[in-house]
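Residue numbers (my numbering): 10 to 410.
We put the beta carbon where it would ideally sit given N, CA and C, even for glycine.
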């Protein structure tokens, strides 16, 4: 114990100041899209003046790119702005105010199923509306199906499910095709109005070989579930944060509902930016080539993190090894997550707060933490991981006394 404590004091003496709280791209990743900053764009597409109002669903070329990306029909695509998170929020808002046959706001205690550990911003938006969150644990293949069934049997007014189905945030699971089919069948059996919201933010963010996954829209169509699906993705971590494009696939009353909401709040999309992006990415193959370059920058950082975490024995904790996305999850055997965060802060490293990967910021076991290794330089990441691993060891030793 004395060696670990001595090393921890040595680290503190370095005066580090490193922030790995959020999964942001490094500047070198952003540089890959710098051509967008100086790209000349013709202000017309056919007879459409891109500088003016109109085309609320997005320009044709951008919607075709979204159709190709999500493997959904062109007529089911909306090309939006900002992020998949914004489209997700608009979807929840639209259903909260206007869902048929009954708006969520008029229901008694509407509930949404959320796999955990999960995305803190998803939890925050559901909290905004006072929607109860029912948690279901994740397996390597996706949400635990038996737990999912049990929630359905024991709860009323479950209006839907919100999840990240590929490289899930933060533990990196890729839902299997059979898991997705089970989810669809269970949800449809529960209610013909059950809404499946897939925030597919990391759809193209593989950095290692990843198990195959059939496009979600195709599976939904085969399972007669597409009328109950909203799938979103974006270029927030493909080109520029807040400056990319977002895409949504929806159909039937969901598509009509979201169009109604967006027509009230969005006068028109940024068609110039859409044109700029479809000149930069002419098709999905261009996107894949671009993301290979991202992977070359991201993969070494995850390998540094994995190597550092290898010294932690299974008696202390375990960690996820995702093949894509932006996060790693560490799970301790003891309830020491909050203490690890405190120790990291003492040593000059900020990590995502304990509890953030659960609704209301409350981790019932206080043992799950999210790491975001991408934003910092390699040397900074090595220092941050040294701090993190040492903090785990110190916290674990403290818990033994």
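Going along the chain, which residues of its own chain have a beta-carbon closer than 8 Å to the beta-carbon of residue i, five neighbours each way excluded?
{"i": "residue 110", "result": "202"}
{"i": "residue 297", "result": "213"}
{"i": "residue 58", "result": "52"}
{"i": "residue 47", "result": "none"}
{"i": "residue 197", "result": "203, 232, 233, 234, 237"}
{"i": "residue 78", "result": "212, 213, 242, 256, 293, 296"}
Closest by CA to residue i, which one among the options?
{"i": "residue 126", "options": "378, 408, 385", "result": "378"}
{"i": "residue 208", "options": "248, 370, 132", "result": "132"}
{"i": "residue 310", "options": "101, 249, 389, 282", "result": "389"}
{"i": "residue 140", "options": "182, 181, 122", "result": "122"}
{"i": "residue 348", "options": "364, 335, 334", "result": "364"}
{"i": "residue 224", "options": "40, 153, 190", "result": "190"}
{"i": "residue 3", "options": "145, 160, 101", "result": "The structure shown has nothing for residue 3, since the chain only spans 10 to 410."}
{"i": "residue 355", "options": "369, 329, 397", "result": "397"}
{"i": "residue 382", "options": "404, 66, 331, 146", "result": "331"}
{"i": "residue 293", "options": "244, 44, 20", "result": "244"}
{"i": "residue 226", "options": "82, 62, 44, 28", "result": "82"}
{"i": "residue 221", "options": "240, 204, 182, 246", "result": "182"}
{"i": "residue 74", "options": "197, 263, 289, 42", "result": "289"}
{"i": "residue 256", "options": "130, 90, 168, 267", "result": "90"}
{"i": "residue 252", "options": "282, 266, 258", "result": "282"}
{"i": "residue 173", "options": "40, 275, 147", "result": "147"}
{"i": "residue 3", "options": "351, 409, 159", "result": "Since the first residue shown for the chain is 10 and the last is 410, residue 3 is missing from the structure and cannot be characterised."}
{"i": "residue 409", "options": "119, 324, 329, 372", "result": "324"}
{"i": "residue 40", "options": "62, 362, 299", "result": "299"}
{"i": "residue 130", "options": "23, 370, 274, 158", "result": "370"}
{"i": "residue 24", "options": "373, 386, 353", "result": "353"}
Span of the alpha helix (DSSP H) holding residue i?
{"i": "residue 225", "result": "225–231"}
{"i": "residue 294", "result": "293–318"}
{"i": "residue 208", "result": "Not the alpha helix (DSSP H): residue 208 falls in the beta strand (DSSP E), residues 204–208."}
{"i": "residue 349", "result": "346–355"}
{"i": "residue 94", "result": "93–107"}
{"i": "residue 411", "result": "The chain is shown only over 10 to 410; residue 411 falls outside these bounds and no answer can be derived."}
{"i": "residue 385", "result": "Premise fails: residue 385 is in no alpha helix (DSSP H) and is neither H nor E."}
{"i": "residue 190", "result": "186–199"}
{"i": "residue 59", "result": "Counting along the chain, residue 59 falls outside any alpha helix (DSSP H), and DSSP gives it neither H nor E."}
{"i": "residue 12", "result": "11–21"}
{"i": "residue 44", "result": "44–47"}
Using DSSP's beta-bridge definition, name the partner residues of residue i.
{"i": "residue 120", "result": "141, 167"}
{"i": "residue 152", "result": "147"}
{"i": "residue 436", "result": "The first residue shown for the chain is 10 and the last is 410, placing residue 436 beyond what the model contains."}
{"i": "residue 358", "result": "27"}
{"i": "residue 321", "result": "For residue 321, which the question treats as bridged, DSSP gives no partner whatsoever."}
{"i": "residue 80", "result": "DSSP, once it has assigned bridges, lists no residue as partnering residue 80."}
{"i": "residue 215", "result": "333"}
{"i": "residue 341", "result": "326"}
{"i": "residue 68", "result": "BP columns for residue 68 are empty, so no partner."}
{"i": "residue 277", "result": "Note: residue 277 sits in no beta bridge, so no partner."}
{"i": "residue 125", "result": "146"}
Start and end of the beta strand (DSSP E) containing residue i?
{"i": "residue 378", "result": "377–380"}
{"i": "residue 334", "result": "First-last for residue 334: undefined, no H or E at that position."}
Please return the same chain residues whose Cβ sits closer than 6 Å to the Cβ of residue i, not counting the five positions on each side in sequence.
{"i": "residue 380", "result": "337"}
{"i": "residue 188", "result": "150, 151"}
{"i": "residue 376", "result": "340, 341, 344, 346"}
{"i": "residue 179", "result": "126, 336, 338, 366, 379"}
{"i": "residue 116", "result": "166"}
{"i": "residue 26", "result": "357"}
{"i": "residue 393", "result": "27, 29, 358"}
{"i": "residue 33", "result": "384"}
{"i": "residue 138", "result": "105"}
{"i": "residue 62", "result": "277"}
{"i": "residue 217", "result": "332"}
Is the distance from the Cβ of residue i to the Cβ of residue j below 8 Å?
{"i": "residue 242", "j": "residue 93", "result": "yes"}
{"i": "residue 150", "j": "residue 185", "result": "yes"}
{"i": "residue 50", "j": "residue 291", "result": "no"}
{"i": "residue 97", "j": "residue 254", "result": "no"}
{"i": "residue 248", "j": "residue 286", "result": "yes"}
{"i": "residue 171", "j": "residue 195", "result": "no"}
{"i": "residue 5", "j": "residue 317", "result": "This structure gives no information on residue 5, because the portion of the chain shown stretches from 10 to 410."}
{"i": "residue 199", "j": "residue 161", "result": "yes"}
{"i": "residue 71", "j": "residue 270", "result": "no"}
{"i": "residue 85", "j": "residue 264", "result": "yes"}
{"i": "residue 119", "j": "residue 145", "result": "no"}
{"i": "residue 99", "j": "residue 306", "result": "no"}
Leaving out five residues before and five after residue i in sequence, what residues of the same chain have Cβ atoms less than 7 Å from its Cβ?
{"i": "residue 229", "result": "193, 235, 238"}
{"i": "residue 326", "result": "339, 340, 341, 342, 401"}
{"i": "residue 106", "result": "112, 114"}
{"i": "residue 13", "result": "399, 402, 403, 406"}
{"i": "residue 334", "result": "176, 178, 181, 211, 214"}
{"i": "residue 272", "result": "65"}
Let me see if you follow: with CB-CB separation under 8 Å, is residue i close to chain B or not?
{"i": "residue 119", "result": "Judged by its chain identifiers, the structure shown contains no chain B, having just a single protein chain."}
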